[in-house]
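Numbering-wise, the sequence shown is residues 269 to 383 according to this note's numbering.
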Amino acid sequence: MKMIKCYIQHEKLEDVREKLFELGVPGLSVVDVRGIGKPMSQLRSDPAMKGKRLPHFLPRVELTVVLENEAVDEVVNMLTATLRTGNLGDGKIFILPVEDAIRIRTGERGHQALY
Ligand SMILES: Nc1ncnc2c1ncn2[C@@H]1O[C@H](COP(=O)(O)OP(=O)(O)OP(=O)(O)O)[C@@H](O)[C@H]1O
Ligand SMILES: [Mg+2]
């Protein structure tokens, strides 16, 4: 199992929700967050930026999906295709390993707990 964490712009959320439904993911969570991407490292390393202010937080949505390994590629491909405009701030995807899942009501674990 893997966990996909994806930071996206709010206006993309409905489109992504619809496409995740079409792909049949087992579930998802979203939370409103504030984040900083590349400017965090860029402003430090670029001498031309010396003295520039600390970058500001921007509002984003953090989307989390736990799914089977086999489903990761198609979800990541969908996310990149749906979210890519070519502009700064299109978002970022992280993929994390997941040890196990437990459905509390039944005690089911692993794959059984996902679906
Ligand atoms: N290394 C990171 N750790 C945690 N969150 C991150 C990291 N990088 C990006 N994020 C989150 O992802 C959001 C979107 O990042 P963003 O799309 O601006 O990435 P970027 O690296 O700046 O790329 P781009 O140059 O395309 O803008 C950030 O606002 C932040 O919430
Ligand atoms: Mg950025």
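Glycine included, every Cβ here is placed at the ideal spot set by N, Cα and C.
Item, Value
"Around ligand 2, Cβ to any heavy atom closer than 5 Å, ordered along the chain", "G305, K306, L356, G357"
"Beta carbon of V278 nearer than 8 Å to that of P327", "Checking the displayed sequence, the identity of residue 278 turns out to be His instead of Val. Yes. Within cutoff."
"P294 to L356 span [Cα, whole Å]", "30 Å"
"Beta-carbon spacing of V334, L281 below 8 Å", "no"
"G303 in three-state terms, based on DSSP", "strand"
"Check: K320 C-beta below 7 Å from any heavy atom of ligand 1", "no"
"Coarse secondary structure for R328, derived from DSSP in three states", "strand"
"DSSP-derived helix/strand/coil call for V340", "helix"
"Element boundaries [beta strand (DSSP E), containing L296]", "No beta strand (DSSP E) contains L296, which DSSP labels as neither H nor E."
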